[in-house]
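Protein sequences, first through last, are from chains A and B.
Read left to right, the first sequence gives residues 20 to 187 (my numbering).
Read left to right, the second sequence gives residues 931 to 1125 (my numbering).
Every residue, glycine too, gets a C-beta built ideally from N, C-alpha and C.
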Amino acid sequence: MRPIADLVIYEEDLSRINACLSALQRKARSAAILLIDTSGQLIASAGGTDGLDTTPLASLAAGSIAAAGALAQLLGEKEFSFVFYDGERKRLHLSLIGGRAILLVLLDQNSAVALVRLQVKKFSREIEEILTELSRRPDPVAEGGNPRLKPPIGEITDDDVENLFGKG
Amino acid sequence: MSFINYAAREINCKLVYYGPGLCGKTTNLQHIYKRVDPGAKGKLISLATETERTLFFDFLPLELGTIRGFKTRFHLYTVPGQIFYEASRKLILKGADGVVFVADSQIERVEANIQSLADMRQHLADQGIDPDKIPLVLQYNKRDLPNVIPIDELQKALNPRNLPWFEAVAPQGIGVFETLKAVAKVVMQELQKKT
Chain A
20 MRPIADLVIY
30 EEDLSRINAC
40 LSALQRKARS
50 AAILLIDTSG
60 QLIASAGGTD
70 GLDTTPLASL
80 AAGSIAAAGA
90 LAQLLGEKEF
100 SFVFYDGERK
110 RLHLSLIGGR
120 AILLVLLDQN
130 SAVALVRLQV
140 KKFSREIEEI
150 LTELSRRPDP
160 VAEGGNPRLK
170 PPIGEITDDD
180 VENLFGKG
Chain B
931 MSFINYAARE
941 INCKLVYYGP
951 GLCGKTTNLQ
961 HIYKRVDPGA
971 KGKLISLATE
981 TERTLFFDFL
991 PLELGTIRGF
1001 KTRFHLYTVP
1011 GQIFYEASRK
1021 LILKGADGVV
1031 FVADSQIERV
1041 EANIQSLADM
1051 RQHLADQGID
1061 PDKIPLVLQY
1071 NKRDLPNVIP
1081 IDELQKALNP
1091 RNLPWFEAVA
1101 PQGIGVFETL
1111 KAVAKVVMQE
1121 LQKKT
């Protein structure tokens, strides 16, 4: 069995995910979209993310969704289907995709919540299918796996890690 | 969860600092934040109470450089140490690739350390992570205080498997980077086994 939730993404995977997120961003008329794994790491994004500090956004969104899930369980609910933050100029719509990823939609003054919810529902299925496919992909190292995909991570040494930290 | 992005040539790992209340988890992250070059770190996010006790978590993203052409990112998290934040601690362990257990070396905190370690093992198991297999490094903090327990007693109580361990005085930075490097190495070794 592959270790839980480890995620490996290649060029073609990212292209598919990006195409999906871009279509969602356009159709939902949202400002930006982030796809985040439930442990808080950013997988992909679309739209106007240039001015956004996406790393802490991803981490805090995961924390928010995790807290919402725990609150739901305390109240006897399976989950809350989305979390919504309503600011003066910006709004955030967070939703869980198949228990493995989080879709963050940033809305601005041109976005309509109803449209966002409709499109998120529609595209979530597509994104979940892609993520399920990735998680079921044969281990590239195992027999029957695609050798082209064999990752070169096996070459990392302790010295490589030492060098990351420099003399500190 | 380790996340390898071949398209962007990135490796991302989540490291969690765990331990009893006031053991120095946040202080570790604050020291790292202070010492790392501005270009290699993101914002230090602290979700804390008015009295600066961690309420949910602290978060510090580090991008220290590349390994074999891959940008290597470590996302450092702390858990809230106070007993009644148990539910939050469990959430933060989700997807952890490695854990630093920060123990408070003071005599009066022996029980708190043991309880926190047991609590951590249970929460890891609840998240589907084998507590005997996850990369784990121990840090015996506050070694500068007068009322500390000898190291061999801490080892007996907390580290029967003799995992990597370090003495530390986190406010002075002693042992902080040694601990971080050690957990990063074990996480990378584990990543090699998986790939």
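Short CB-CB distance (under 7 Å) between residue i and chain B
{"i": "Leu96/A", "result": "For the sequence presented, residue 96/A should be read as Glu rather than Leu. So no, Glu96/A is outside the interface."}
{"i": "Gly187/A", "result": "For Gly187/A, the predicted model reports a pLDDT of 49, less than 50, meaning its position is unreliable and no value from the coordinates is stated."}
{"i": "Pro22/A", "result": "Note that Pro22/A scores a pLDDT of 37, beneath 50, so its modelled location is shaky and nothing firm can be said."}
{"i": "Asp127/A", "result": "no"}
{"i": "Ile36/A", "result": "no"}
{"i": "Ser64/A", "result": "no"}
{"i": "Glu174/A", "result": "yes"}
{"i": "Thr74/A", "result": "yes"}
{"i": "Ser58/A", "result": "yes"}
{"i": "Ser78/A", "result": "yes"}
{"i": "Ala89/A", "result": "yes"}
Exposure of residue i, with buried meaning 16 or more beta-carbon neighbours within 10 Å
{"i": "Lys141/A", "result": "exposed"}
{"i": "Lys1063/B", "result": "exposed"}
{"i": "Pro1065/B", "result": "buried"}
{"i": "Gly969/B", "result": "exposed"}
{"i": "Asn935/B", "result": "buried"}
{"i": "Gly1058/B", "result": "exposed"}
{"i": "Phe1014/B", "result": "exposed"}
{"i": "Asn129/A", "result": "exposed"}
{"i": "Thr979/B", "result": "exposed"}
C-alpha gap between residue i and residue j, whole angstroms
{"i": "Phe1185/B", "j": "Ala938/B", "result": "Any question about residue 1185/B goes unanswered here, given that chain B covers just 931 to 1125."}
{"i": "Pro22/A", "j": "Gly951/B", "result": "Note that Pro22/A has pLDDT 37, beneath the 50 cutoff, so the model's placement of it is unreliable and the number below is only indicative. Using only the alpha carbons, I get a separation of about 31 Å."}
{"i": "Ala85/A", "j": "Glu993/B", "result": "25 Å"}
{"i": "Thr1002/B", "j": "Pro991/B", "result": "11 Å"}
{"i": "His1053/B", "j": "Gly1011/B", "result": "14 Å"}
{"i": "Glu147/A", "j": "Leu115/A", "result": "10 Å"}
{"i": "Glu1097/B", "j": "Glu31/A", "result": "46 Å"}
{"i": "Asp69/A", "j": "Cys39/A", "result": "19 Å"}
{"i": "Ala80/A", "j": "Thr74/A", "result": "10 Å"}
{"i": "Tyr963/B", "j": "Leu1006/B", "result": "10 Å"}
Chain A within 7 Å of residue i, Cβ atoms only
{"i": "Asn927/B", "result": "Residue 927/B is absent from the structure shown; chain B starts at 931 and stops at 1125."}
{"i": "Phe933/B", "result": "yes"}
{"i": "Arg983/B", "result": "no"}
{"i": "Ala1033/B", "result": "no"}
{"i": "Lys1115/B", "result": "yes"}
{"i": "Val1106/B", "result": "no"}
{"i": "Phe989/B", "result": "yes"}
{"i": "Asn1122/B", "result": "The sequence as given places Gln at residue 1122/B; Asn does not occur at that position. So, interface residue."}
Partners in chain B for residue i, counting only beta-carbon separations shorter than 7 Å
{"i": "Ala85/A", "result": "Leu1021 and Lys1024"}
Heavy atom of the ligand SAM within 6 Å of residue i beta-carbon
{"i": "Arg983/B", "result": "This structure simply doesn't include the ligand SAM, nor any ligand for that matter."}
Residue(s) in a DSSP beta bridge with residue i
{"i": "Val124/A", "result": "Ile52/A and His112/A"}
{"i": "Ser976/B", "result": "Asp988/B"}
Within chain A, the residues that residue i reaches when beta carbons sit closer than 7 Å
{"i": "Leu994/B", "result": "Leu183 and Phe184"}
{"i": "Met1118/B", "result": "Ile175 and Val180"}
Where residue i meets chain A, residues with beta-carbon distance less than 9 Å
{"i": "Lys1072/B", "result": "Per Cβ cutoff of 9 Å: no residues; Lys1072/B is ~22 Å from chain A at best."}
{"i": "Lys973/B", "result": "Asp72, Thr74 and Pro75"}
Contact set between residue i and chain A, taken where Cβ atoms lie within less than 8 Å
{"i": "Tyr936/B", "result": "Val27, Ile28, Tyr29, Glu30 and Pro170"}
Chain B contact residues for residue i, given Cβ-Cβ distances below 8 Å
{"i": "Gly67/A", "result": "Here the premise fails: no neighbours, minimum Cβ distance about 19 Å."}
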